[in-house]
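Worksheet for the structure shown next.
Residue numbers (the numbering used here), protein chains in the order written: chain A, 61 to 517; chain B, 61 to 517.
Dropping the structure here:
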């Protein structure tokens, strides 16, 4: 039986005998009785287990250490103590698995840095019980949103031989024996597994477009990789991305979908991880629930990059980076703009030279139909664009931007074979989680984070 | 508007004007009128569009080529023709995107080999419309099954520095410049991205166990990699695996879950991809629906490996491989056993020397608490085991099998820190899809398959 099941059906189990297996999170022993803070990991809530001399095994229970796995048989009753509404009056508590004295996870507050070092144990700590359950719930929210609307879920390939976007920041994938490469003095890709240079993908978008031209609406949700040597709070080498792509959808339709999806996911998580979200609100980011509840009911602002620069220029602020037409905006600008509009802001029509080759060129010759969504407190959460559907314009732009076209003929051909107006966006799943939980460091929302110099467990 | 929406609510749209955007799959032109076989990819069914001289643009429509993207405005009416119940009487048809004459996907039956070569176009072909929609639906079935039961979805890491299982069959991941390795004559892993040798994972199980010790019930669903140089119908270098792991669950409980999950997923797919499954039954595997419907209601047999060998030895069959106690069984044996029991068979308690180090050792000293599920027509679909929870036994077994223990201390520690009886299994997602669709080659159930020498698109 799961604790989750008990809490969801308290009335059904109240005053009945139940059997639970889980772990001792903490124990308070008195002479004649004792309390166990019990959790089985199936819900955020714990359960207090009370035992006394009438409990079988009483003498032994005292010696059970925190962290141990136990089986509890007892009656679920209303608790008269403070701090909990219900408790289990145990008739027997037996040891399922002992815990050694050198158990590093003590019943006290550990630093997040220390918990990262014991990454294989940290999911047992309250914070990570909440983080990783929310990660799971948010993943389901995303699948639910798209599947209910008929989108086809695409598993984009992870190993790729093309490197249109991430040149220089990709991990190479090889079965060549590096010692042999060193001793032979040459690299022979004809001997490599795929017969050529291969790497880990930085995006599934291009393959996503091929599927959108077949299924109209599709989404990817899978890992992507970046071999960027940055040790910051927001960079990881391996992370999960959601990349929907919609045929017959323009920039305005794209924003409708982004807004609708984000609200759906936030609401789903608030509904399905109530205890966890209250915990974050209380102990991680004050005002988190208010922020998220507000998002769900707000109307997102839509404004062009040019208008944003005008607002920034007029602002009575001493900028570290001076806002300029035709240039990217900085974190401080993002922050100002979401505060200025007091909510999420879609910034559209970006200068073409700071954006990717595949974005649709606007008639002005200067901007592209790209859109970034900025949210209060987290900056850019999604980036998307209408795609250039004109073959000639796309080729010209690729040549201008020195994107090799040889290996990309299949991608270009999409424009020749029934291509149409289409749009898509990408959302970093961890960025969403940081926004949802208030946990600031990407290392703390990924089960086993990979960063420069770090590949543990 | 989506075709899927129309077909789900025919009564609502009948005799109403509707607007659809999608593609011409085929066109039949007469002098005074014409028919377009229209699809927008949102459902398996197409829609017949009828146009005549009263349709705006009539002269131009004749010139639209198959494969082109169009916008159709017209009235949904009952069809008097054979072959379809409904059709759209078009008031206007406009071109959204032309299709070149060299479009390789002609409205005829292409070989699967040819379709693999144009992998970026094949999702538009009927077979792959069905395959990849079923892939999407089956993925959702798996998430739904586990999430409804409170399992936590774990994204296990893809890049790993440990190679406990797949030594020799792993892809190396590196940012070392191979040309420089060749010219310098040495491999310096301290300069590599993670400061050491890293590779793509072959399984998320070990990390899964760490999460099961925190959340009780967890599952992974993500890509795994195998650098095996086999060019067979069932091997791919990149594929998706589902690996659930349950604390306080023994071998018998594990089989209950495997059986329940498989029945759920099959039923879900039959319910949610009716048209696609009927297509497979008709054109890919005769009797598919009967096979799957039978599975849903059957009781799976449970039998030990030893009993299986006894049955095989008694069988009046000339085996290519002689069945032997203590040895693995061959494909021909798997086939015989599922036919013998006329349904799915769990084979338990395998000889320990042909199984992995982490499996629970049975008291007989010869076997482990492992289980393979064999299904009629597809062989092994899942493999699982109870895990060895005894620290000393696990260490001894690892040493016997020459599994390095240094990097695995965290995994071993799970047994010292509140470890308990636990079990898990793995299911290859593509193997499930092959079983569900009748499509035999793994290359045809993966959007962009990676195999030795092949890494296209």
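Backbone N, C-alpha and C fix where the C-beta goes; we use that ideal spot for every residue, glycine too.
Cβ-based neighbour list, residue i, same chain, cut-off 6 Å, excluding 5 preceding and 5 following
i                      : result
residue 371 of chain A : none
residue 340 of chain B : 348, 497 and 498
residue 436 of chain A : 398
residue 271 of chain A : 214 and 278
residue 289 of chain A : 512
residue 109 of chain B : 96, 98, 132, 148 and 150
Cβ separation of residue i and residue j, assumed to be a contact under 8 Å, to the nearest whole Å
i                      : j                      : result
residue 127 of chain B : residue 100 of chain B : With a Cβ gap of about 14 Å, residue 127 of chain B and residue 100 of chain B do not count as contacting.
residue 90 of chain A  : residue 124 of chain A : No, residue 90 of chain A and residue 124 of chain A are not in contact; Cβ-Cβ is about 15 Å, not under 8 Å.
residue 381 of chain B : residue 392 of chain B : 7 Å
residue 260 of chain A : residue 231 of chain A : 4 Å
residue 352 of chain B : residue 330 of chain B : 6 Å
residue 62 of chain B  : residue 276 of chain A : 7 Å
residue 104 of chain B : residue 336 of chain B : 5 Å
residue 443 of chain A : residue 305 of chain A : About 13 Å; that fails the 8 Å criterion.
residue 163 of chain B : residue 477 of chain A : 5 Å
Contact set for residue i: own chain, Cβ-Cβ below 8 Å, skip 5 residues either direction
i                      : result
residue 170 of chain B : 185
residue 301 of chain A : 263, 264, 280, 281, 282, 283, 284, 486, 487, 488 and 489
residue 493 of chain B : 191, 194, 195, 198, 499 and 505
residue 113 of chain B : 92 and 93
residue 449 of chain A : 420, 475, 479, 480, 481 and 482
Close beta carbons around residue i, own chain, < 7 Å, minus the five adjacent residues each side
i                      : result
residue 320 of chain A : none
residue 202 of chain A : 281, 302 and 325
residue 293 of chain A : 500, 501 and 502
residue 333 of chain B : 193, 194 and 197
residue 426 of chain B : 411 and 412
residue 327 of chain A : 356
Beta carbon proximity, residue i to chain B, threshold 8 Å
i                      : result
residue 452 of chain A : no
residue 70 of chain A  : no
residue 263 of chain A : no
residue 418 of chain A : no
residue 50 of chain A  : Since the displayed chain A opens at 61 and closes at 517, residue 50 of chain A lies outside it and no answer follows.
residue 313 of chain A : no
residue 219 of chain A : yes
residue 260 of chain A : yes
Proximity of residue i and residue j at Cβ, strictly below 8 Å
i                      : j                      : result
residue 130 of chain B : residue 84 of chain B  : yes
residue 369 of chain A : residue 384 of chain A : yes
residue 273 of chain B : residue 307 of chain B : yes
residue 507 of chain A : residue 207 of chain B : no
residue 75 of chain B  : residue 135 of chain B : yes
residue 219 of chain A : residue 286 of chain B : no
residue 455 of chain B : residue 445 of chain B : no
Any chain A beta carbon closer than 8 Å to residue i
i                      : result
residue 497 of chain B : no
residue 180 of chain B : yes
residue 205 of chain B : no
residue 464 of chain B : no
residue 421 of chain B : no
residue 446 of chain B : no
residue 200 of chain B : yes
residue 183 of chain B : yes
residue 328 of chain B : no
residue 400 of chain B : no
residue 116 of chain B : no
From the options, residue whose alpha carbon lies closest to that of residue i
i                      : options                       : result
residue 235 of chain A : A:249, A:453, A:220 and A:244 : A:249
residue 137 of chain B : B:187, B:77 and B:167         : B:77
residue 154 of chain A : A:115, A:179 and A:104        : A:115
residue 221 of chain B : B:479, B:516, B:466 and B:509 : B:466
residue 106 of chain B : B:298, B:164, B:146 and B:121 : B:146
residue 361 of chain A : A:237, A:121 and A:433        : A:433
residue 117 of chain A : A:133, A:108 and A:103        : A:133
residue 429 of chain A : A:410, A:323 and A:329        : A:410
residue 412 of chain B : B:447, B:403 and B:62         : B:447
residue 388 of chain A : A:342, A:97, A:440 and A:161  : A:440
residue 257 of chain B : A:365, A:471 and A:233        : A:233
residue 516 of chain A : A:238, A:484, A:175 and A:356 : A:175
residue 156 of chain A : A:111, A:80 and A:180         : A:80
Cβ-heavy atom distance, residue i to the ligand FMN, below 7 Å
i                     : result
residue 64 of chain B : Ligands are entirely absent from the displayed structure, and the ligand FMN is therefore not among its contents.
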